[in-house]
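J.: Structure incoming, see below.
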Amino acid sequence: MASSRGDTVPSGIGQLDELLGGGFPRGRCILVTGGCGTGKSIFGMQFLVEGATKYGENGILVTSEQSPAAVRSDMIGFGWDLDKLEKEHKLGIVDVATPKSKVPYAGREEVTRLINMNTLLLAITQIQRTIDAKRIVVDSIPGLELVIEDRAAIRHAIYRLIATTKELGTTSLLISEGRRRGEISRYDVEQFISDGVIFLEQIRYKGKFERGLTIVKMRGISHEPKTCPMVITEKGIRVVPTTVASLPSSLEP
Ligand SMILES: Nc1ncnc2c1ncn2[C@@H]1O[C@H](COP(=O)(O)OP(=O)(O)OP(=O)(O)O)[C@@H](O)[C@H]1O
Ligand SMILES: [Mg+2]
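Count the sequence shown with my numbering and you get residues 11 to 263, in order.
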């Protein structure tokens with residue numbers, strides 16, 4: 011099992027903390043990446059919901075691919091009532107996916123069809139202060155490129171986003187996706203600046219798809235670089251921390 015040298019934050023993902031030696035390193039930024047449908051959004055939401063309901067850590071979701079209404083509706087199947095958490099000021103959603111949306115707690119309408127990094131970072135900072143958020147999830151980094159004005163400077167924008175979450179002292183998950191199968195990040199910068207990388211995948215084996223999770227890197231934590239089976243049920247994501255890799259090393263094409 012893994013061992014950690016410092017303060018850790020429970021991930022809320024079933025049995026993942028055993029692999030992490032307690033959880034994610036506190037105040038750090040973790041990249042959660044993988045192909046489509048591999049469970050990245052569920053992973054991020056579970057981190058926020060479990061944080062707010064079990065560990066007294068409020069959270070912020072920055073959603074750039076799906077509207078908050080779609081996110082709330084998708085997550086209700088897991089018994090996660092985001093609406094309730096928002097009303098209790100345990101969760102703040104920054105909507106950069108909807109052309110016209112309201113920034114929570116800012117008390118005014120914001121047009122966010124094209125945002126710039128300054129307004130986004132200001133919104134995140136305002137919400138973090140208002141609800142004393144300890145966790146932030148950005149779903150997703152490639153989705154941001156579609157909506158930010160300064161897209162030519164996307165690498166610098168990602169750098170600023172990560173720097174801001176660290177300044178705020180939050181533990182953050184950035185959700186990303188490579189362009190090609192097996193590729194870890196879209197812009198490279200996010201995998202190098204992040205303190206940790208978790209890679210989710212669906213592996214075809216004997217005609218069936220199996221879900222897998224790999225801790226590619228986690229600064230400050232000694233972990234084994236192996237792929238563990240992962241399942242998604244009506245309770246969310248659970249990892250199966252096997253001591254022997256149970257997924258085949260020679261995969262079907
Ligand atoms: N209740 C459930 N039980 C089992 N599997 C589920 C359940 N709900 C969703 N899933 C699985 O989770 C997958 C979607 O997960 P999620 O939306 O987190 O993926 P993603 O990696 O964010 O995808 P995308 O790249 O499209 O954003 C679905 O394709 C489905 O297979
Ligand atoms: Mg998603």
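Quick reminder that beta carbons are idealized off the backbone N, C-alpha and C, glycines included.
(1) Look up I231 in the DSSP assignment and say whether it is helix, strand or coil.
(2) Going by beta-carbon coordinates alone, are I172 and S150 separated by less than 7 Å?
(3) Quick one, which of I146, A167, V147 has its alpha-carbon nearest L156's?
(4) Using three-state DSSP, classify D27 as helix, strand or coil.
(5) Could you work out which residue in I125, T108, M228, E96 is closest to A143 when comparing CA atoms only?
(6) Our contact map puts L30 next to M228 with C-beta atoms below 8 Å; I'd like the distance itself, whole angstroms only.
(7) Would you mind giving the Cβ-Cβ distance between L92 and V81, rounded to the nearest angstrom? I have them listed as a contact below 8 Å.
(8) The beta strand (DSSP E) with T237 in it runs from where to where?
(9) F209 and T43 - do their beta-carbons sit closer together than 7 Å?
(10) Could you check where the alpha helix (DSSP H) with S83 kicks off and where it finishes?
(11) Throw me the rounded Cβ distance for the I247 and I23 pair, which I believe falls under 8 Å.
(12) How is G61 classed by DSSP in three states: helix, strand or coil?
(13) By a C-beta neighbour count over all protein chains shown, 10 Å radius and 16 as the cutoff for buried, is C46 buried or exposed?
(14) Measuring alpha carbon to alpha carbon, tell me which of T175, P152, T181 ends up nearest R189.
(15) Confirm the yes/no value for this check: CB of I52, any heavy atom of ligand 1, distance under 6 Å.
(16) Alpha carbon to alpha carbon, what distance is there between T175 and K64?
T.: So, from the listed chains and residues:
(1) strand
(2) no
(3) A167
(4) helix
(5) E96
(6) 6 Å
(7) 7 Å
(8) 237-243
(9) yes
(10) 78-85
(11) 5 Å
(12) helix
(13) exposed
(14) P152
(15) yes
(16) 22 Å
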